Amino acid sequence: MVHNGSIGVPTKVRGDRLEACVALFLALFLGHLLGDFVFQPGRLVVAKRHGYRGMLLHTGIITTCTAFMVLGQISRTWPAVVAVALAHLGIEHLSVRARRIRQASGLALFLLDQALHIVSLAIIAAVLNGGGEPSLVLWASSIALMATLCGIVTVAFLGSILAFEVRVATMGDSAPPEPILKLDLLRIYGFAERAGALLVGLVSPSPALGLLLFVPRAAYALALRGERRTRQLTEAAVGLTLCCIAWALITVLKGTGS
Numbered sequence: 155m156v157h158n159g160s161i162g163v164p165t166k167v168r169g170d171r172l173e174a175c176v177a178l179f180l181a182l183f184l185g186h187l188l189g190d191f192v193f194q195p196g197r198l199v200v201a202k203r204h205g206y207r208g209m210l211l212h213t214g215i216i217t218t219c220t221a222f223m224v225l226g227q228i229s230r231t232w233p234a235v236v237a238v239a240l241a242h243l244g245i246e247h248l249s250v251r252a253r254r255i256r257q258a259s260g261l262a263l264f265l266l267d268q269a270l271h272i273v274s275l276a277i278i279a280a281v282l283n284g285g286g287e288p289s290l291v292l293w294a295s296s297i298a299l300m301a302t303l304c305g306i307v308t309v310a311f312l313g314s315i316l317a318f319e320v321r322v323a324t325m326g327d328s329a330p331p332e333p334i335l336k337l338d339l340l341r342i343y344g345f346a347e348r349a350g351a352l353l354v355g356l357v358s359p360s361p362a363l364g365l366l367l368f369v370p371r372a373a374y375a376l377a378l379r380g381e382r383r384t385r386q387l388t389e390a391a392v393g394l395t396l397c398c399i400a401w402a403l404i405t406v407l408k409g410t411g412s
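Following the working numbering, the numbering of the sequence shown begins with 155 at its first residue and continues without gaps.
This is how it looks when you write it as structure tokens:
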């Protein structure tokens, strides 16, 4: 067995611990993505900003999604699920208060909110990791698959909110104080565009092929004028950037599980 000479810990053991931590983080992060974006309708966003009932309901959804992701190992991961619930509730409370002050842009608050969530999940995965093989729900999984799922959900759903916030910040987009993004055809197209681009980039011989999925939007934007053109180009730029970042992170994480 190979040992690390500086601390005397078997390299394989350290690798297994790292893999277990990364796997738990990805499972927790996927639960966060589902609860914070997929299963958080606009009305719930407004409700949680106006009272604790909405915030508690949202936290309950987050907790349920997180517990479902680690269901097969819940006997040893339940402390992490509880910690996620408490951390999420605390961060949401801070985020809502920050939005009421409104001294920062919606984009800055959104990025700070998500950064706090990600850091909290990383700490929880490192401290409360119970070991075990990578798994999702009730089935054995792999770091590569878990990272890919997280990436696809991130670019599709988080990317939708990010593109909106970037547009508001850069264009001064006219929006009500409590904007609710409509689930219209354009937004659904954005989901498919970003998810498809990342997936093609991951499975094709050349990752650059994924960028081709942004060509139709770019071509459409060139046929427009003024604010409408800027909006479409902003959507494409945000989507392309997010997909490139996600591809790079997934590639790195795949090496963790090898």
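Just so it is clear, CB atoms sit at the ideal spot from N, CA and C, and this is done for glycine as well. For clarity, every value in this text was computed on a predicted model and none was experimentally measured.
About 4 Å separates the CB atoms of residue 400 and residue 305; that is less than 8 Å, so the two are in contact.
Taken in chain order, the complete alpha helix (DSSP H) segments of 4 residues or longer contained in the segment 257 to 283 are 260 to 281.
Look at residue 290 here: in three-state DSSP terms it is strand. Between the alpha carbons of residue 407 and residue 180 lies a distance of about 10 Å. Boundaries of the alpha helix (DSSP H) around residue 386: 380 to 410. Annotated as distal: residue 238 and residue 198, with beta-carbon spacing of 8 Å or more. Apart from the 5 residues on each side of it in sequence, residue 410 sits with its Cβ closer than 7 Å to the Cβ of 172, 173, 176 and 297 in its chain, given in chain order. For residue 308, there is no enclosing alpha helix (DSSP H), as DSSP gives it neither H nor E.
Across the structure, residue 232 and residue 221 are spaced so that their CA atoms are roughly 8 Å apart.
Residue 283 and residue 223 have their C-alpha atoms some 14 Å from each other.
Between residue 319 and residue 368 a beta carbon distance of about 19 Å is seen, past the 8 Å cut, so the two are scored as non-contacting. With fewer than 16 other Cβ atoms from the protein chains shown falling within 10 Å of its own Cβ, residue 336 counts as exposed.
The residues 371, 374, 375 and 378, in chain order, have a CB closer than 7 Å to that of residue 386 in the same chain once the five nearest residues on each side in sequence are set aside. Straight through space, the alpha carbons of residue 288 and residue 234 are spaced by roughly 15 Å. Between residue 188 and residue 382, the alpha-carbon positions lie close to 30 Å from each other. Each residue's CA atom was taken as its position, placing residue 207 and residue 241 some 17 Å apart. DSSP places residue 170 in the helix class (H, G or I) of the three-state scheme. A straight-line Cα-Cα distance of about 5 Å links residue 225 and residue 291. In this structure, the straight-line span from the alpha carbon of residue 300 to that of residue 185 is close to 11 Å. Residue 268 and residue 200 have their C-alpha atoms roughly 18 Å apart.
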